[in-house]
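Working notes for the structure below.
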Amino acid sequence: MELRIDKVRKEFDRFPALHETSLDIRSGELIALLGPSGSGKTTLLRLIAGLEQPTDGAIFFGDEDASHRSVQDRNVGFVFQHYALFRHMTVLDNIAFGLNVRPAAIRPPKREIERRVLELLDLVQLPGLEKRYPNQLSGGQRQRVALARALAIEPRVLLLDEPFGALDAQVRKGLRKWLREIHDQTGHTTVFVTHDQEEALELADRVVVMSQGRIEQVGTADDIYDRPTSPFVFSFIGESNALPIRIETGQAWLADRPLGIDVSGEADGPATLYFRPQDIEILTDPPGGGLAGPVAAQRRVAGTRHLELEIGGDRTRVEIEVPADYPIGETGRVAFKPKRWRLYRNDGASGN
Amino acid sequence: MALSATASGWRFKQPSVIPGFGLTLGFTLTYLTLIVLIPLAGLGVRSAALGWSGIWTIATDPRVVQALRVSFSTSLIAALINAVFGVIVAWVLVRYRFPGRRILDAIVDLPFALPTAVAGIALTALYAPNGWIGQYLAPYGIRLAYTPTGIVIALIFIGLPFMVRTVQPVMEEISREVEEAAATLGANRFQTISRIILPGLAPAILTGFALAFGRAVGEYGSVIFIAGNIPYVSEIAPLLIVIRLEEYNYAGATTIALIMLIFSFAVLLAINLIQAWSRRRFGYGN
Ligand SMILES: Nc1ncnc2c1ncn2[C@@H]1O[C@H](COP(=O)(O)OP(=O)(O)O)[C@@H](O)[C@H]1O
Ligand SMILES: [Mg+2]
Chain A
35 MELRIDKVRK EFDRFPALHE TSLDIRSGEL IALLGPSGSG KTTLLRLIAG LEQPTDGAIF
95 FGDEDASHRS VQDRNVGFVF QHYALFRHMT VLDNIAFGLN VRPAAIRPPK REIERRVLEL
155 LDLVQLPGLE KRYPNQLSGG QRQRVALARA LAIEPRVLLL DEPFGALDAQ VRKGLRKWLR
215 EIHDQTGHTT VFVTHDQEEA LELADRVVVM SQGRIEQVGT ADDIYDRPTS PFVFSFIGES
275 NALPIRIETG QAWLADRPLG IDVSGEADGP ATLYFRPQDI EILTDPPGGG LAGPVAAQRR
335 VAGTRHLELE IGGDRTRVEI EVPADYPIGE TGRVAFKPKR WRLYRNDGAS GN
Chain B
11 MALSATASGW RFKQPSVIPG FGLTLGFTLT YLTLIVLIPL AGLGVRSAAL GWSGIWTIAT
71 DPRVVQALRV SFSTSLIAAL INAVFGVIVA WVLVRYRFPG RRILDAIVDL PFALPTAVAG
131 IALTALYAPN GWIGQYLAPY GIRLAYTPTG IVIALIFIGL PFMVRTVQPV MEEISREVEE
191 AAATLGANRF QTISRIILPG LAPAILTGFA LAFGRAVGEY GSVIFIAGNI PYVSEIAPLL
251 IVIRLEEYNY AGATTIALIM LIFSFAVLLA INLIQAWSRR RFGYGN
């Protein structure tokens, strides 16, 4: 099922939780809404589900305007962060609930319902647990049951709000892979919310980065990571450094030092240079360009070492990645230049 | 750890990180013995003086039987009515935000705070045949005061806060998400209430019911004004106990009390067992 969010806006008591937003979600796609807490991810997801009504705009399921359909009629599978299982019901009754509440005319017979529940339990890898109650399951198992319950109604879209948010890191990783597998098996159009960039980038076909009630960028993991269109996306995804610089006479300058990077074609004026710690090149020659400064701090990060340098007159701190055994000379200074970087103008335009 | 090493078959209680189980259990037992058990044992001793045949004579006295029947049946009806309307009141207080909600919330506690005699007099003033409400009912031959119906009205009044205050916190805890989950699965409002919300509230409703019922069985002050206290019709057991006391018939009084005690205990125990079972099963409270 294709989804089209068309100029949707949502205010809570005048507070704009979601500014005018449009987004096309392709059929069968696994798409992540990624952003810091309070950026409007849940609001957007709930609008799609019909748990909230948009202040403005429309939401299309395929060609059909679903905006005025009730939650019950939208036929969406929704998975909540805290599972929201019915704790007075067995796993079997939980999963069967969506089928059991159907009007008699379209309710499958009891046998058939049970067969489908058991099938779903196999799919979510919890065979044999149908008689348990939710409080007899671990967090990860509960979330699997919640997903099975959502899948039982054969939803047109599957919506998950931070589905792994309440679980510990180990379980999260396992479930992440598992969700991808389920998605590939069932082929549901799936939207999931997360504030964990690793989760989003690893799991999703496309990532929607949100901030302050707006969509900042939509793209594949590569797009988002390698071609961030805004300083927010650049600094939100992965590690990054920001240096205020100046473009003049076809060169990039930090105060009176040329950076030695190619900025041909960039207009003159102030700009902010963004680069990642690992996208640098150490300069060993006595510097005729590039950035240099004393090492203010260092820390070991797995197989590499991160150095914090104090750059320029106002000692802006930047972090760079060097090999773990990198020898810091007697001077304690390190010189480098960014290999890959992006320039953002203070008016929001970007280039590199 | 030393604690986990002592795995010796049957244990009174699993070792817990919360210290002081032995101490607090000892305190609890002593306290219950002093405050509850010794006075109750006194009841038994007093009636025992009559011997079995004496107790049996009193227990089967038609006036006593009728008084007990009135007491327990009116209490049961009142607690059932409170179970329905108390839940609705709690629902309104928990789920909706409206002007005056705080005041309404405070009013629920009034029956707790009011001296029961005041409540009894006020209710009688309302429902007596010449009272505010009673006068409109009298022409149709409907009499509330001085009948068992009057007793039920007084007991509803007395029991309401028990129901509301027990259900309210649990209701507050039932997350919106659970209802929303039901809605996304296609359940309409009625299905959500009957299949999700009410079963979730059942343990709390049972507790509230037990409290309201227990309180109603023992209620005296508010009932005697509105009941009319006609023997064999609207005479409640606690009143009969007082009457016996005034006749200096202590053994008779304590025997009726003992019978009430046994019945009440049986009812409350049954309710407690049901709750323990549901708690184990659904994991409420952990
Ligand atoms: N029901 C609501 N009433 C008022 N404000 C809300 C409501 N739901 C969300 N908000 C506000 O809208 C903003 C976006 O919230 P949300 O969509 O939950 O963000 P996220 O899921 O990205 O953390 C937040 O500032 C939040 O406080
Ligand atoms: Mg959220």
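Chains as they are written, first to last, in the numbering used here: chain A, 35 to 386; chain B, 11 to 296. Don't be surprised by glycine CBs; every beta carbon is placed ideally from N, CA and C. Predicted, not measured: the structure shown is a model, and the values here were computed from it.
Beta-carbon gap between residue i and residue j smaller than 8 Å
| i | j | result |
| --- | --- | --- |
| Leu133/A | Pro142/A | yes |
| Pro357/A | Arg339/A | yes |
| Ala263/B | Ile251/B | yes |
| Val241/A | Leu81/A | no |
| Ala83/A | Arg108/A | yes |
| Pro189/A | His222/A | yes |
| Thr77/A | Leu37/A | no |
| Val135/A | Gly196/B | yes |
| Met270/B | Gly218/B | no |
| Ser161/B | Ile246/B | Reading off the sequence shown, one finds Ile at residue 161/B, where the question assumed Ser. Yes. Within cutoff. |
| Ser244/B | Tyr156/B | yes |
| Gly141/B | Ser232/B | no |
| Leu317/A | Ala286/A | no |
| Leu157/A | Gln175/A | no |
| Val97/B | Ile215/B | yes |
| Ile295/A | Lys371/A | yes |
| Leu288/A | Ile345/A | yes |
| Leu53/B | Leu279/B | no |
| Ile168/B | Thr134/B | no |
Ligand 1 heavy atom lying under 7 Å from the CB of residue i
| i | result |
| --- | --- |
| Thr84/B | no |
| Thr55/A | no |
| Ala51/A | yes |
| Val113/A | no |
| Val97/B | no |
| Ser71/A | yes |
| Phe200/B | no |
| Phe270/A | no |
| Phe219/B | no |
| Phe46/A | yes |
Distance between beta carbons of residue j and residue i, contact taken as under 8 Å
| i | j | result |
| --- | --- | --- |
| Ala305/A | Ile279/A | 6 Å |
| Asn92/B | Ile166/B | 6 Å |
| Ala118/A | Glu187/B | 4 Å |
| Leu185/A | Gly111/A | 6 Å |
| Leu181/A | Glu164/A | That belief does not hold up - the Cβ atoms of Leu181/A and Glu164/A are roughly 15 Å apart, past 8 Å. |
| Tyr146/B | Ile163/B | Tyr146/B to Ile163/B, Cβ: 15 Å. No contact. |
| His122/A | Gly210/B | 6 Å |
| Val102/B | Leu170/B | About 13 Å separates the two Cβ atoms, so there is no contact after all. |
| Thr84/B | Pro158/B | 6 Å |
| Glu190/B | Leu85/A | 6 Å |
| Ala200/A | Gln115/A | 6 Å |
Under 9 Å from the C-beta of residue i: neighbouring residues of chain A
| i | result |
| --- | --- |
| Ile206/B | Phe120, His122, Met123 and Phe131 |
| Pro209/B | Phe120, His122 and Met123 |
Listed by chain order, chain B residues near residue i by CB distance under 8 Å
| i | result |
| --- | --- |
| Phe114/A | Glu187, Glu190 and Ala191 |
| Ile39/A | Those do not exist, as Ile39/A stays about 18 Å from chain B at its closest Cβ, beyond 8 Å. |
Residue i Cβ short of 7 Å to ligand 2 heavy atom set
| i | result |
| --- | --- |
| Thr76/A | yes |
| Val225/A | no |
| Glu196/A | yes |
Within chain B, partners of residue i - CB distance below 7 Å
| i | result |
| --- | --- |
| Ala20/A | Nothing in the structure corresponds to residue 20/A, since chain A is present only between 35 and 386. |
| Ile187/A | Leu195 and Gly196 |
| Val110/A | Thr194 |
Residue i: contacting residues in chain A (beta-carbon distance under 7 Å)
| i | result |
| --- | --- |
| Asn259/B | Result: empty, since nearest Cβ-Cβ is about 50 Å, beyond 7 Å. |
| Gln201/B | Val135 |
beta-carbon residue i near ligand 4 non-hydrogen atom, thresh 7 Å
| i | result |
| --- | --- |
| Asp230/A | Absence of ligand 4 from the depicted structure is noted, with ligand 1 and ligand 2 being the only ligands included. |
Cross-chain neighbours of residue i in chain A, by beta carbon under 8 Å
| i | result |
| --- | --- |
| Asn198/B | Gln106 and Val135 |
Chain B residues whose Cβ lies nearer than 9 Å to that of residue i
| i | result |
| --- | --- |
| Arg183/A | Ala191 and Leu195 |
Minimum Cβ-Cβ distance from residue i to chain C less than 8 Å
| i | result |
| --- | --- |
| Val102/B | Looking for chain C here will not work: the only protein chains present are A and B. |
Notebook entry, point to check: Is there contact here, the region 249-258 of chain A with the region 320-334 of chain A, by at least three beta-carbon pairs under 8 Å?
Noted result: No, they do not touch.
Notebook entry, point to check: How about the region 194-201 of chain A and the region 226-233 of chain A: do they share at least three Cβ pairs that are nearer than 8 Å?
Noted result: With contact defined as three or more Cβ pairs closer than 8 Å, the region 194-201 of chain A and the region 226-233 of chain A are in contact.
Check: Pairing CB atoms from the region 297-312 of chain A with CB atoms from the region 268-275 of chain A, are three or more of them under 8 Å?
Finding: As far as the Cβ criterion goes, the region 297-312 of chain A touches the region 268-275 of chain A, which means the pair count is three or higher.
Next item on the list: State whether the region 164-174 of chain A contacts the region 121-128 of chain A, with contact taken as three or more CB pairs (one from each stretch) at a distance under 8 Å.
Entry: Verdict: yes, contact present.
Notebook entry, point to check: Between the region 59-72 of chain B and the region 272-288 of chain B, do three or more beta carbon pairs fall short of 8 Å?
Noted result: Judged by Cβ distances under 8 Å, the region 59-72 of chain B makes no contact with the region 272-288 of chain B, as fewer than three pairs qualify.
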